[in-house]
Amino acid sequence: MGGWVVDASIIPLLPDASLQSKLDALYSQLLARTYVNAKGQRVMLSIAYGADQSSEATAVHRPEFCYSAQGFRVRNAGRHTLSFGPRQIEVQRLISEMGSRYEPITYWVTLDEHASLPGLSRKLDQLRFGLRGQIPDGMLLRVSTIGLSQAQSFAVQEEFLETLYGAISPAVRTRYFGS
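All residue numbers for the sequence shown refer to the working numbering, where the first residue is 0 and numbers rise by one.
Rendered as structure tokens:
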């Protein structure tokens, strides 16, 4: 995928058993892979799909909560706008730390084919779907890196996401990046 290959030697961090059972109830499909480029830079990709995004109880969970539940200290690194050609998407950035592990994170959520971030905007999106009698599905798309500075991490993540955007068929791209 544009110079990025799956690195099977790195197994993404898995949640503890009690958290995993909750995730299994929320998500119909999970994908977790680590990719590496020719420079040896690694990006961990996680995509979680849930068929029912109509309420907070059934919606995808935010990484800040999942990481905190596993013992990470998580702080907000702000929102950022990524550009993929003419398409722009607002993402949430976090910094998570546990011991010597320093892991910057970028994520967003899609409701149906609309990119959204947690908070008021997602609640309004859920309300709009509800008023139309629709139950939206959705995805959490998260990337993270370890072993790099914050600036390097976010730059590598952007490079990876640009490659991912280009690799996904235009016919289904909005499911991952919104319309």
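The C-beta atom is built at its ideal place from N, Cα and C for all residues, glycine as well.
Setting aside the 5 residues that flank it on each side, R74 is surrounded in the same chain by I94, each with a C-beta closer than 6 Å to its C-beta; the list follows chain order. For the 9 Å CB-CB criterion, V5 and T144 do not form a contact. Across the set W3, I104, L29, L123, the C-alpha of I104 shows the shortest separation from the C-alpha of R141.
Note on geometry: alpha-carbon atoms of F176 and Y34 lie some 19 Å from one another. According to DSSP, residue pairing for W107 in a beta bridge involves L140. A166 counts as exposed, since fewer than 16 other C-beta atoms from the protein chains shown sit within 10 angstroms of its C-beta. Put simply, of G1, V171, Y48 the residue whose alpha carbon is nearest the alpha carbon of A31 is Y48. Closest by C-alpha distance to L110, out of R127, L44, S148, is R127. A distance below 7 Å between beta-carbons, with the five flanking residues on each side excluded, links Y101 to the following residues of its chain, in chain order: I145. Note: A114 is bridge-paired with T109 in the DSSP secondary-structure output.
Each of P117, A154, R61 was checked against the Cα of Q40, and the nearest Cα belongs to A154.
Following the DSSP letters along the chain, one finds V155 inside the alpha helix (DSSP H) bounded by residues 149–166.
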